[in-house]
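Asks: Those sequence lines, one after another, are chains Z and R.
Residues in the first sequence are numbered from -18 upward in steps of one, following this note's numbering.
Residues in the second sequence are numbered from 318 upward in steps of one, following this note's numbering.
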Amino acid sequence: MKKTYLTNAPHKHTGPLPLMRGLPSSFGRRIGDEGKTLRKAGNLIAMLVIALLLTACASAASTTPIPTVVLGNNTPSNNQSNDGNSISTSAVVVPMNDAQLSFTSVGKVTAVNVKVGDQVKAGDTLVQLDTIILEAKVKEAEANVLAAEAQINYLNRLNTDALHLESAQADLVRAQALLDSAKATLNAQSTLTAPFDGTIVSVDISPAETVTPGKAVILLGDLTQYQIETTDLSERDVPGVQIGQSVNIFIEALNQELTGKVVEVSQISSTLGGDVVYPVTIELSEQPQGLLWGMSADVQIQTEE
Amino acid sequence: MKQHRLFLLLALVSSLVNPAGIAFASSSAQGSVTASAVILPVQVTELGFILPALVKEISVKAGEQVQAGQTLAVLDTPELQYAVAAAEAALRSAEANAKVQSYRRVKDRRNGRVFFDVVPPEVRQVADAKVQQAQAALEVTQATLAQNTLVAPHDGTVASINIVPGEFIELGQVVLTLATLDQFQIETTDLSERDITNIKLGDPANVTVEALGANISGTVIGISPIADKVGGDVVYKVTIALNEQPKGLRWGMTAEVNIGE
């Protein structure tokens, strides 16, 4: 008992140290403004304050547990119960399908057709870029094709030699390819379309703003199908997790218990704080009403059935 | 001295108690939800250029009211001007060539009908196509040149300018922020996942702006489908439209929101 107290003690005092440093000096300045005679009294009070602070902080630290950790995903893994039969861990609700959408080129936005919460179908146009330059380039390519075609007609009518004709035909093929390319560029780069049915989750662009290649402007998610992803399942626990194991899930925000099963164990770790953790994906056996992306969950993976 | 000591004690006690208290949005007993919120313009546009170039001129100042279509900034792009001039000349040349072909045709008319074509029709077609091509090429250069001028897409106030003349701008860099500073809405900052299930679109809201001592009614017009993390808390952003716009409201002011009956 005494040993543990001693090892704990330094931790309690390292916390409030910066506070102690800050407070008395500012306090001293306050008193100094009013007169030197008060400084001595000021020091006395400063000491009193330090004492107060120390006791207050110590008692605050020991009596009031940090209230926000109730739903925290940052719970260190040593808080997990791993009784040999099951692994408990924190998790988060995520959609089964989501995508960060971005343009492949630079451009100026002329229209944003959707807002957060809108339902869209695969292929719907979400954002439209200014196409004036690309359209003019298509027109230019079209004119080049016309010229090449007229040239071939001319040579055909004159019954010119095969060499000249072949050269003109190659010109036409080239002009046609450039036209196809210009059209493809116009179609592919000027609009952002939904790759699958879903809900617009966030919109980070407005008309007249510019986009750059790869800058995510829209987050799309299929919000009809959610799954659960663990956030702090430690490397020590991951060997016990197998695909197909059944899982009990508690969604705190809905105050609802659900069941599910492990469908994926990440092959690569991520780090949470200093811990090495492996995301484990859990499929829900039912989709409850009111579930939202990002809600916290507590999961219990049954490692022994 | 006594007053000082008392004051300090009070300050200490409050500073110790407060950190535990401010972290959440709390739900009250009646099923309504209280949360902290921040005041934001209804429309904020972050403007930039799609050309990398030097800034030539900035025509507005921060805080200035601008109208839609007003010029805000111009880039220094002499090469684009030359490209337009060159394309114009190329077009004139193509047009002249096409005209020559048609004159040669007219010259060979007898009694109002074409007697003999000196120039085969395909050559005239090629000449005409070259005119079209030059016309389109000119449009490309003109449209590219137009990208050197930033105009206001809507009425608003210049909220910030991030550049000075002579600076180099990269593609897509935000150079100027335009906002509607006469139209504000509210966004919650700490509405917990435990409370979000009680809120739906169209719910009435009561907004208290501490800085103004104002009480404004509003309506929930948006609920974020995805959570944000504030500290260790999972929170959802709820957007509230204000039924009136009180005088003195400013971007970033804090508010308390009570959503529900």
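Glycine is no exception: its CB is placed at the ideal position from the N, C-alpha and C atoms.
#1: Whose Cβ in chain Z lies nearer than 8 Å to the Cβ of Ile543(R)?
#2: Below 6 Å CB to CB, which residues in the same chain sit around Asn125(Z) once its five sequence neighbours on both sides are set aside?
#3: From the beta carbon of Ile113(Z), is the nearest beta carbon of chain R less than 8 Å away?
#4: For the pair the region 157 to 168 of chain Z and the region 494 to 511 of chain R, tell me if three or more CB-CB distances fall below 8 Å.
#5: Measuring CA to CA, which of Val73(Z), Ala80(Z), Leu272(Z) and Glu190(Z) is closest to Ile199(Z)?
#6: Could you name the residues of chain R that Lys118(Z) contacts, counting a contact when the two beta carbons are closer than 7 Å?
#7: With H, G and I counted as helix, E and B as strand and the rest as coil, what does DSSP make of Val244(Z)?
#8: Between Leu272(Z) and Tyr207(Z), which are expected to be in contact by the criterion C-beta below 8 Å, what is the C-beta distance as a whole number of angstroms?
#9: Using a beta-carbon distance below 8 Å, is Ser343(R) in contact with chain Z?
#10: Please classify Ala76(Z) as buried or exposed, where buried requires at least 16 other C-beta atoms within 10 Å of its C-beta.
#11: Determine, using beta-carbon pairs with one atom in the region 560 to 575 of chain R and one in the region 349 to 368 of chain R, whether at least three such pairs fall under 8 Å.
#12: Please name the residue in Leu364(R), Leu357(R), Ala354(R) and Gln360(R) whose C-alpha comes closest to that of Glu190(Z).
#13: Could you pull out every residue in the same chain whose Cβ sits closer than 7 Å to the Cβ of Lys96(Z), ignoring the five residues on either side in sequence?
#14: Here's the rule I'm using: 16 or more other beta-carbon atoms within 10 Å means buried, otherwise exposed. How should Leu235(Z) be labelled?
#15: Around the C-beta of Lys517(R), are 16 or more other C-beta atoms found within 10 angstroms, so that it is buried, or is it exposed?
#16: Counting only C-beta atoms, is Ile367(R) closer than 8 Å to chain Z at any point?
#17: Helix or strand or just coil, what does DSSP make of Gln223(Z)?
#18: Note down, in chain order, all residues in the region 370 to 400 of chain R with a beta-carbon under 9 Å from any beta-carbon belonging to chain Z.
#19: Buried or exposed for Lys564(R), please, with buried defined as at least 16 other CB atoms from any protein chain shown within 10 angstroms of its CB.
#20: For Asn465(R), tell me which candidate among Phe366(R), Gln360(R) and Ala522(R) has the shortest Cα-Cα distance.
#21: In chain order, which continuous runs of the alpha helix (DSSP H) of length 4 or greater are located wholly inside the region 347 to 435 of chain R?
#22: Beta-carbon of Leu127(Z) versus every beta-carbon of chain R: anything under 8 Å?
#23: Less than 8 Å between the C-beta atoms of Glu487(R) and Tyr553(R), yes or no?
#24: Below 6 Å CB to CB, which residues in the same chain sit around Gly489(R) once its five sequence neighbours on both sides are set aside?
#25: Would you list, in sequence order, the uninterrupted beta strand (DSSP E) runs of no fewer than 3 residues that lie entirely inside the region 451 to 536 of chain R?
#26: From the beta carbon of Val258(Z), is the nearest beta carbon of chain R less than 8 Å away?
#27: Would you call the region 520 to 540 of chain R and the region 555 to 563 of chain R touching, i.e. three or more CB-CB distances under 8 Å?
#28: Tell me which residue opens and which closes the beta strand (DSSP E) that Ile209(Z) is part of.
#29: Excluding the 5 residues preceding and the 5 following Gln562(R) in the sequence, name in chain order all residues of the same chain whose CB lies nearer than 8 Å to its CB.
#30: Given 8 Å as the limit, is there contact between the region 450 to 457 of chain R and the region 100 to 110 of chain Z, that is, 3 or more CB pairs closer than that?
#31: List the residues of chain R that Tyr135(Z) touches, going by C-beta distances under 7 Å, in chain order.
#32: Name the residues in the region 510 to 540 of chain R whose C-beta lies less than 7 Å from a C-beta of chain Z; which are they?
#33: Would you call the region 513 to 533 of chain R in contact with the region 244 to 253 of chain Z, where contact means no fewer than 3 C-beta pairs closer than 8 Å?
#34: For chain R, find out if any of its Cβ atoms is closer than 8 Å to the Cβ of Ala234(Z); answer yes or no.
#35: Could you tell me the boundaries of the beta strand (DSSP E) in which Asn125(Z) lies?
#36: For Gly380(R), count neighbouring C-beta atoms within 10 Å of its own C-beta (all shown protein chains included) and say buried if the count is 16 or more, exposed if not.
Replies: If we stick to the structure as given:
#1: Val182, Ser183, Leu200, Gly202, Leu273, Trp274 and Gly275
#2: Ala156
#3: yes
#4: no
#5: Ala80(Z)
#6: Val457
#7: strand
#8: 5 Å
#9: Interpretation of Ser343(R) is limited by its pLDDT of 48, a score under 50 that renders its predicted location unreliable; no figure is taken from the coordinates.
#10: Reading the sequence as shown, one finds Pro at residue 76(Z) and not Ala. Flag for Pro76(Z) reads buried.
#11: yes
#12: Leu364(R)
#13: Ile181 and Val184
#14: buried
#15: exposed
#16: yes
#17: coil
#18: none
#19: exposed
#20: Phe366(R)
#21: 395 to 424
#22: yes
#23: no
#24: Gly365
#25: 466 to 468, 473 to 478, 491 to 496, 501 to 505 and 521 to 526
#26: no
#27: yes
#28: Tyr207 to Thr211
#29: Asp499, Gln500 and Phe501
#30: no
#31: Pro437, Glu439 and Val440
#32: Glu510, Arg511, Ile513, Thr514 and Gly539
#33: no
#34: yes
#35: No beta strand (DSSP E) holds Asn125(Z); the alpha helix (DSSP H) holding it covers Ile113 to Leu139.
#36: exposed
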